[in-house]
Structures are given as C-alpha cells and as structure tokens.
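full-length UniProt numbering puts the sequence shown at residues 1 to 205.
Backbone N, C-alpha and C fix where the C-beta goes; we use that ideal spot for every residue, glycine too.
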Amino acid sequence: MIALEGIEGAGKTTVAERLAARLQALGHAVVRTREPGGVPLAEKIRALLLDEAGEALDAGAEALLFAAARRLHVREIIAPALAAGRFVLVDRYIDSSLVYQGLVGGAGVEAVRAINAFAVGDYFPAVTVLLDLDPDEALRRLAADRRRAASRFDRRPPAFHRRVRDGYLRLAREAPERFIVVDAGAPLEAVVEAAFSALRARYGL
C-alpha cells in the first residue's frame, strides 16, 4: 500500500493518477482510491466530515468518524486488493488523521493512533509519499481550481495549513524509513518523476 499525503492543494490526486499509470505501464495491477470515502457508506461519512455541519465536531469525534470510514474502506477495497497482489494507491490515509486530528486538532497522536489500530489492524502503508508544499502556494492553487468544491478544511486560515504542513514534516522525520518527501512546488512531471524514482528504488521495480 502506498499512501499519498500532504496539505490541501498539494496535488495528491493528480500525482496518484500519474503514479498509477506508470505502475500499470510496468505491468502491475493497481487500485487507486481515496479517503475519507472509497465505498458508499464511507462516502456518506465523508460528506458529513467535509461539510460545514462538521464544524460542530471536535477533533476526537472527527478521528472516530474518519476511523470508521477507514475501517469500511479497508474491509471492502484495500484488504481484498492487497490480498490479490495489487498495488493500492490511496489519496490520504492514517497519517492524515495523526496530523489533522492528533497534532493540529489536539486529540493526541497516540490516541488517534490507537483508534486507527483498532479500526484497521495491520493495514498500514508500506510507503507514504509526502507532497510537501508551501501553504501560501497551496492556497493559491485552491483558489484557482474552479473544479474543486472547497471543504471546510480548505477554508481554514493560512496558519492552520502551516501547522498541518509542520505536522506532516514531523511525522516524516520520525519515520524516515517509510516516508518519501517530495517537493510539490516543482513542475508536475518533476514531482511525479521524483516520487516514482523513489518508489522504484524502494521496491526494485
């Protein structure tokens, strides 16, 4: 399992699409999915979490809902794909909860880690590609993207996005054997090439 992480606007979805295409070109079977969501009931949880009504939730409640959606996602999509020998590329996974709810939201990293350990067991990414981007550039990208419906997280102030970025970089420092940090401010093809080259080196593709 390969997770793509980063602040809003870092380009996770686009990079995931390009990485999946490159893996498929090498003859690998790939499942690409996203969080929160991925399956119908988890998509309903996603709608609640990302809607303005979700502002009534504290970080602990958010963490529980994300974990519930993640459990459904693992059971119905991720676990069967891995069992079949496929690569799974997931747009956000547990590290998002550790950062957004655990570090920035104040629920605590270990509490959020424990919730997710119960929710998904051993289904943890082998590699996490962190698309690191300056928050000011990320917000400019979000403002320019007319196709994207802004979530309540997108609309939070720049200081929030800076804290999220710092949280991700902290996790990357703590687990360098798992994280691949890529400069997402580079041109798209350079970002994809950097991520793919690192994955090829890691997996011997």
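Whole-angstrom Cβ separation of Val191 and Leu131, contact assumed at under 8 Å?
Val191 to Leu131, Cβ: 7 Å. Contact.
Does Arg147 come out as helix, strand or coil in the three-state DSSP assignment?
In this structure, Arg147 counts as coil in the three-state DSSP scheme.
Span of the beta strand (DSSP E) around Ile180
From DSSP, the beta strand (DSSP E) with Ile180 extends over 179-183.
Note down, one range per segment and in chain order, each alpha helix (DSSP H) of at least 4 residues found wholly within the segment 31-63.
Taken in chain order, the whole alpha helix (DSSP H) runs of length 4 or more contained in the segment 31-63 are 40-50.
So is Pro40 buried or exposed if we call it buried at 16+ other beta carbons inside 10 Å?
Under the 10 Å beta carbon count, Pro40 is surrounded by fewer than 16 other beta carbons and is classified as exposed.
Who pairs with Asp132 in a beta bridge, going by DSSP?
BP columns for Asp132 point to Asp183.
Candidates Phe87, Pro80, Ala111, of which the one nearest Asp95 by Cα
Residue nearest to Asp95 within the set Phe87, Pro80, Ala111 is Ala111 (criterion: CA-CA distance).
If you compare alpha carbons, which of Leu4, Val30, Gly102 is closest to Ala82?
Note that residue 82 is Leu in the sequence shown, not Ala. It is Val30.
What runs of the alpha helix (DSSP H), each 4 residues or longer, lie entirely inside the segment 58-133?
Fully enclosed alpha helix (DSSP H) runs of 4 or longer: 59-73, 79-83, 94-97, 109-120.
Out of Pro158, Val120, Ala59, state which residue places its alpha-carbon closest to the alpha-carbon of Ile77.
Comparing Cα-Cα distances from Ile77 to each of Pro158, Val120, Ala59, the minimum goes to Val120.
For Ala67 and Arg165, what's the separation of their Cα atoms in angstroms?
Between Ala67 and Arg165, the C-alpha separation is close to 21 Å.
In or out: Asp91 buried (at least 16 other Cβ within 10 Å) or exposed?
With 16 or more other Cβ atoms from the protein chains shown falling within 10 Å of its own Cβ, Asp91 counts as buried.
For the alpha helix (DSSP H) containing Glu17, name the first residue and the last one.
If you look at Glu17, you'll find it in the alpha helix (DSSP H) that goes 12-25.
Indicate whether His161 and Ala138 have their beta-carbon atoms separated by less than 8 Å.
It is a contact, given that the beta carbons lie within the stated cut-off.
Of the choices Thr128, Ser97, Pro125, Ala126, whose alpha-carbon is the least far from that of Ala114?
The closest CA to that of Ala114, considering only Thr128, Ser97, Pro125, Ala126, is found on Ser97.
What do you get for Glu189, buried or exposed, if any count of 16 or more other CB atoms within 10 angstroms of its CB means buried?
By the neighbour-count criterion, in which a residue is buried when 16 or more other Cβ atoms sit within 10 angstroms of its Cβ, Glu189 is exposed.
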